[in-house]
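>
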Amino acid sequence: MRKVFFIFFIVCLCGNTTIAQDIKRPDSYNYIRGVEALQNEKYEEALDYLNKEIHDFPKNGYAFSWLSLLYNNQAEYGRSLTASDQAVKFIPKKDKEYRSFAFLTRADTYRKLGRDEKALDDYNQLLKEQPDCADAYENRAQLYYERGEYSLADKDYQKIISIDPGSVMGYMGIGRNANAEKRYDDAIKQFDYVTKLASDYSSGYSFRAESYIGQGQYYKAIDDIIHALSINGDNKAFFLMQQVADSAYTILVSKLKVEKLKEPNNNAWPYNLGVVNEYTEKYQKAIDFYKEAMEKEASPITAFRIASCYSEVGNYDQAINYCEQAIRLDSTDYRYQMMLASLMDNSGHSDEGISLLNNIISSYPDYDFAYYQRGWIKDHSGDIDGAIEDYTMATTLSPDYAYAYMNRGVLWRLKGETDNAKKDFEKVVELDSIPEKAECSFYAYYYLGQKEKAIEVLDSVLKNSNKGNYYDAACLYSVMGEKDKAIEYLQKSLEAGFRRFVHISRDRDLDNIRNTNEFKSLIKKYEAKSDSEHSEENDKILYIDKKAEIPFTKENGVYKVKCSINNLPLYFIFDTGASVVSISSVEATFMMKNDYIKPTDIIGKQNYLNANGEISEGTVINLRNVNFGGLNLNDIRASVVHNQSAPLLLGQSVLSRLGNIEIDNVRGILRITYKEEVEQ
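At position 189 of the sequence shown the residue is numbered 1479 (our numbering), and the sequence of numbers has no breaks.
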């Protein structure tokens, strides 16, 4: 919410050029430079200029209003409130825009501090000054909605409609309230009107889909979900797509496949199909769709999802391969590093996993789960004291994480420190208290001497049958000494797809059954099955490593590469920092006029962040063929930047599909090691 609130005011106020002639706003040097710096997202520079402005002009309420927003965004709420107070004090009442800005910023700060009544006071005071301030009604309605005071929220939304009948916000708010009260027919009426009022407003469709789901009308819900996704990849629609997958998988997949056929160059549809299949645990289908999406546009999140699916089926070599690809595409996202550490551990390379986690903790010393994960690896690697230390860090940084207490309690118990163990198990029971959603409290109940309660909670969990729950049951019954039940549930987990054989081999919970013939037979059987599954996957396509050397010229510090796009000879700048291929509108216009680009190659529009940190709008097109150095790549997504001087950049959407790239400055060549498919 903070980021959205922040950007909203920058856009609205910085972009507003209509100022009443009788309102004189500041034009002093420091003020103007401060606002410009804020617009350019140079926040420290903006703070410096605006504080200088306040020093020179201590009654400049406008400068205080911007300072309050900056401090709010930095979570310095005390300073934000102080600045807001001064803004409200000094901004003239006739300047409605900036006074509403000051009140709304202060109200937002109060809300973040949990002082909703003070926020309400600000909304009420602002509405007393400006009875037609739609933003104040909208913010107050949101507060009422979060409190469950739907009738009060409805009144504010009705007021918004009376102020601006052409705005969707009032109707959307009333519809959302009706959904919350399960008055789905009433909600649908509101959203029907929204879709007529603004046919390209995706939320009208995604919220109506939620209403249809509430009524069990999945066919209509899916139509709305897909419509919303087609507009802008609507986040709510993306979430609902997964929610409806369990109830209407066949219809949903069929509809998504139709969209994929309609827009063959749009990677979003195979990606969404991958998500649906992953969510419903159809991992091989998910992998196939994700790979199709990757062929259209190399994406770190898609590579990450492929890695996750391979991990679920126990194919750790492939999982590591795709996780490393995600890291190559985006080395700044620590989620990919965390997954790689887990994959290394699960594949038997625990030392490498710990090394990765050491690096993550060095970069993110307050990241609680990194300590937990490192403690987990140390735990089953025999470093009990090191594991306890990391679990303690995890509970310190995240006091509500039950698993950290659970695992630490087990280690205290192994060390004979029963009092510490008892405290941790009691904390687990306190935190993990909903039986049907329990994750580890059944273990804690058993260790606290409450075996019947442990089984009762486990039975509640097992109503949701999945491989993880079956595995937990196997572990608990093994710890209890009930070997037959432990073997039974271990078989169920393996049959359901549990493939973490390295973990099974060192999980102390299974020590009571590890030496039985039944255990050994099960592991042998399912390891062979897993090897067969992986062999089938790996044998689908055979590759050999090949090398290519591509000459380049270096001009003004950049590398230029000769290539062709759809058979048109061009020179591109080789740029490892660019995310996509981009061409200027001049080249694109020439290609369109001369039939190198066809109307069917145009995908849509998208915003791009350039190397200077500026956002440019570009037309997204599909390049049917990109060739350089004899290497052919098909269906590459590219951006046409509407700037005649924009360079032609060869970015990661091509480079990531090639393989390992070395730059030989002495010989002036790019040396590329890539994989070529071998016909079988």
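For each residue, glycine too, the CB sits at the ideal point set by N, CA and C.
Fair warning: this is a prediction, and the values are worked out from it, not measured in the lab.
1) For A1583, tell me which candidate among Y1661, T1570 and K1550 has the shortest Cα-Cα distance.
2) Kindly confirm or deny that the segment 1701-1709 and the segment 1717-1730 touch, where touching means at least three C-beta pairs closer than 8 Å.
3) Please report how far the alpha carbon of E1642 lies from the alpha carbon of A1631, in whole angstroms.
4) Measuring CB to CB, does E1500 end up less than 8 Å from N1469?
5) Please report the straight-line C-alpha distance between V1930 and I1863, rounded to a whole angstrom.
6) Could you check which residue in A1518, Y1509, H1793 and I1840 has the C-alpha nearest to that of S1544?
7) Give me the Cα-Cα distance between D1607 and S1637, rounded to the nearest whole angstrom.
8) Verify whether the separation of the beta carbon atoms of S1527 and S1489 is less than 8 Å.
9) So the alpha helix (DSSP H) R1466 belongs to, where does it begin and stop?
10) I'd like to check one pair, D1635 with I1667: are the Cβ atoms closer than 8 Å?
11) Which same chain residues, not among the five before or five after D1425, have their C-beta less than 7 Å away from its C-beta?
12) When you compare only the Cα positions, how much space is there between K1743 and D1797?
13) So, with DSSP's three-state summary, where would you put Y1657?
14) Out of T1686, L1960 and S1374, point me to the one whose CA is closest to Y1849's CA.
15) With three or more beta-carbon pairs closer than 8 Å as the criterion, would you say the segment 1352-1363 touches the segment 1314-1333?
16) Go ahead and pull the three-state DSSP assignment for K1836.
17) Classify C1853 as helix, strand or coil using the three-state DSSP reduction.
18) Taking Cβ positions, are M1462 and E1428 nearer each other than 8 Å?
19) Evaluate contact between the segment 1780-1795 and the segment 1759-1771, counting only Cβ atoms and requiring at least three cross-stretch pairs below 8 Å.
20) Taking I1873 as part of the beta strand (DSSP E), name the residues at either end of that continuous run.
21) Identify which residue in N1556, P1554 and D1578 has its Cα closest to the Cα of V1565.
22) So what's S1537 in DSSP terms, helix, strand or just coil?
23) Indicate whether N1915 and N1856 have their beta-carbon atoms separated by less than 8 Å.
24) Have a look at T1686, L1687, Y1681 and S1688 and flag the residue whose alpha-carbon is nearest the alpha-carbon of M1696.
25) On the three-pair Cβ rule with 8 Å, is the segment 1590-1598 touching the segment 1617-1625?
26) Select from N1362, N1363, A1365 and D1385 the residue whose C-alpha is nearest the C-alpha of P1316.
27) The alpha helix (DSSP H) with A1353 in it runs from where to where?
28) Out of T1570, N1605, I1453 and G1771, point me to the one whose CA is closest to Q1532's CA.
29) In the DSSP output, which residue or residues are listed as bridge partners for K1844?
30) State the DSSP-derived secondary structure class of V1916, mapped to helix, strand or coil.
31) When the Cα atoms are used, what is the spatial distance from Y1693 to V1700?
32) For D1799 versus S1768, is the C-beta spacing smaller than 8 Å?
33) DSSP has E1952 in a bridge; who is on the other side?
34) Taking the alpha-carbon of E1877 as reference, which of G1847, T1843, R1698 and A1928 has the nearest alpha-carbon?
35) So, helix, strand or coil for I1863, using DSSP?
36) In whole angstroms, what is the alpha-carbon distance linking D1801 and E1729?
Working from what's here:
1) For the purposes of this step, residue 1583 is identified with residue 293 of the sequence shown, where counting begins at 1. Of Y1661, T1570 and K1550, the residue nearest in Cα terms is K1550.
2) no
3) The count along the sequence shown starts at 1 and reaches residue 1642 at position 352. The count along the sequence shown starts at 1 and reaches residue 1631 at position 341. Distance between the alpha carbons of E1642 and A1631: 7 Å.
4) Sequence index remark: in the sequence shown, residue 1500 carries index 210 (1-based). Sequence index remark: in the sequence shown, residue 1469 carries index 179 (1-based). Contact: yes.
5) In the sequence shown, residue 1930 corresponds to position 640, counting from 1. In the sequence shown, residue 1863 corresponds to position 573, counting from 1. Their Cα atoms are separated by approximately 15 Å.
6) In the sequence shown, residue 1544 corresponds to position 254, counting from 1. S1544 has its Cα closest to that of Y1509, out of A1518, Y1509, H1793 and I1840.
7) By one-based count along the sequence shown, residue 1607 stands at place 317. By one-based count along the sequence shown, residue 1637 stands at place 347. Straight-line Cα distance between these residues: approximately 8 Å.
8) The count along the sequence shown starts at 1 and reaches residue 1527 at position 237. The count along the sequence shown starts at 1 and reaches residue 1489 at position 199. Just to set this straight, residue 1527 is Ala in the shown sequence, not Ser. Not a contact, by the Cβ cut-off of 8 Å.
9) Residue numbering aside, residue 1466 sits at position 176 when the sequence shown is read from its first letter. Unbroken alpha helix (DSSP H) run through R1466: M1459 to A1470.
10) Here residue 1667 is taken as the residue at index 377 of the sequence shown, counted from 1. Here residue 1635 is taken as the residue at index 345 of the sequence shown, counted from 1. Yes.
11) Within the sequence shown, numbered from 1, the residue matching residue 1425 stands at position 135. These residues qualify, in order along the chain: S1390 and L1394.
12) Stepping through the sequence shown from its first residue, residue 1743 is reached at position 453. Stepping through the sequence shown from its first residue, residue 1797 is reached at position 507. Looking at the two C-alpha atoms, the distance is approximately 23 Å.
13) Looking up residue 1657 in the sequence shown gives position 367. Here Y1657 sits in coil by DSSP.
14) Numbered from its first residue, the sequence shown carries residue 1849 at position 559. It is L1960.
15) yes
16) As a working note, residue 1836 is residue 546 in the sequence shown. In this structure, K1836 counts as strand in the three-state DSSP scheme.
17) For the purposes of this step, residue 1853 is taken as residue 563 along the sequence shown, with counting starting at 1. Correct three-state label for C1853: strand.
18) Here residue 1462 refers to the residue found at position 172 when the sequence shown is read from its first residue. Here residue 1428 refers to the residue found at position 138 when the sequence shown is read from its first residue. Cβ distance not < 8 Å, so M1462 and E1428 don't count as in contact.
19) yes
20) Here residue 1873 is taken as the residue at index 583 of the sequence shown, counted from 1. Unbroken beta strand (DSSP E) run through I1873: V1871 to S1874.
21) What you label residue 1565 is simply residue 275 of the sequence shown in a count that begins at 1. Of N1556, P1554 and D1578, the residue nearest in Cα terms is D1578.
22) Mapped onto the sequence shown, residue 1537 falls at position 247. Reduced to three states, the DSSP call for S1537 is coil.
23) Taking the first residue of the sequence shown as position 1, residue 1915 is located at position 625. Taking the first residue of the sequence shown as position 1, residue 1856 is located at position 566. Yes; because the gap between Cβ atoms is below 8 Å, this pair is in contact.
24) For this step, residue 1696 is matched to residue 406 along the sequence shown. Minimum Cα distance to M1696 is reached at Y1681.
25) yes
26) By one-based count along the sequence shown, residue 1316 stands at place 26. For P1316, the nearest C-alpha among the options comes from D1385.
27) The residue you call residue 1353 lines up with position 63 of the sequence shown. Counting along the chain, the alpha helix (DSSP H) containing A1353 begins and ends at G1351 to N1363.
28) The residue given as residue 1532 occupies position 242 in the sequence shown. Nearest of T1570, N1605, I1453 and G1771 to Q1532, Cα basis: T1570.
29) Stepping through the sequence shown from its first residue, residue 1844 is reached at position 554. DSSP lists Y1849 as partners of K1844.
30) For this step, residue 1916 is matched to residue 626 along the sequence shown. Residue state, collapsed to three classes: strand.
31) For the purposes of this step, residue 1693 is taken as the residue at position 403 of the sequence shown. For the purposes of this step, residue 1700 is taken as the residue at position 410 of the sequence shown. Cα-Cα distance, rounded: 11 Å.
32) Indexing the sequence shown from 1 puts residue 1799 at position 509. Indexing the sequence shown from 1 puts residue 1768 at position 478. Closer than 8 Å, so yes.
33) Within the sequence shown, residue 1952 is the residue found at index 662, counting from 1. E1952 is bridged to R1961.
34) Locating residue 1877 in the sequence shown gives position 587, where the first residue counts as 1. Among G1847, T1843, R1698 and A1928, the Cα nearest to that of E1877 belongs to A1928.
35) Taking the first residue of the sequence shown as 1, we reach residue 1863 at position 573. Looking at I1863 - three-state DSSP - the assignment turns out to be strand.
36) Within the sequence shown, the letter at position 511 stands for residue 1801. Within the sequence shown, the letter at position 439 stands for residue 1729. When rounded, the distance between both Cα atoms is 21 Å.
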